[in-house]
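Heads up, the thing below is written out as structure tokens.
Numbering (our numbering), first residue to last: -11 to 144.
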């Protein structure tokens, strides 16, 4: 399997896992190579995007001497319409959701829709509030987490 195909396979397995998960808020996860440009289509709903990001080789001490690691970014966001400034009551539910997503994948064995092992999660990097984009009275609050996975085929 090529590295890009493995990255897509891992990203799709993340999407499938999120669809099946019971978390504090409902959403439909979307896998995309590029940021979705029409965020207004999501209204005031919570949205979750999965972006295949990076592939790197890491030197380790094993028979082959290295392994490939795959990074996937999961963003959580919501449009907030507020007369006043955005406060903790607006942001806290998004932080809770991304922490739940982090817990779901951290050190987990990721499977595809057929139940086959795809990858192991080696770690994550959590950005509490990555960006706040002001749009007049409307704002979009974003939070992001970058997961690092090792392809299961590398573990055999």
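Glycine residues also receive a C-beta, built at the ideal position from the N, C-alpha and C atoms.
Computed from a prediction, not measured in an experiment: that's the story for all the values here.
(message) According to DSSP, simplified to helix, strand and coil, what is residue 34?
(response) coil
(request) Excluding the 5 residues preceding and the 5 following residue 81 in the sequence, name in chain order all residues of the same chain whose CB lies nearer than 6 Å to its CB. (result) none
(message) What does the Cβ neighbour count give for residue 65, buried or exposed, with the cut at 16 atoms within 10 Å?
(response) buried
(request) Could you pull the start and end residues of the beta strand (DSSP E) that residue 11 belongs to? (result) Run containing residue 11: none; DSSP gives neither H nor E here.
(message) For a quick check, are the C-beta atoms of residue -2 and residue 79 less than 7 Å apart?
(response) no
(request) Return helix, strand or coil for residue 90, following the three-state DSSP convention. (result) helix
(message) Helix, strand or coil, according to DSSP, for residue -1 in the structure here?
(response) helix
(request) Let me know the secondary structure DSSP gives residue 41 once reduced to three states. (result) strand
(request) May I ask you to report which of helix, strand or coil DSSP gives residue 134? (result) strand
(message) Which of the three DSSP states is assigned to residue 63 in this structure?
(response) strand
(message) So, at 7 Å on beta carbons, what are the nonlocal neighbours of residue 9 in its own chain, with the 5 sequence-adjacent residues on each side left out?
(response) 92
(request) Report the partner residues of residue 111 according to the DSSP bridge assignment. (result) 136
(request) Would you mind working out which of 90, 21, 59, 114 sits nearest residue 6, comparing C-alpha positions? (result) 90
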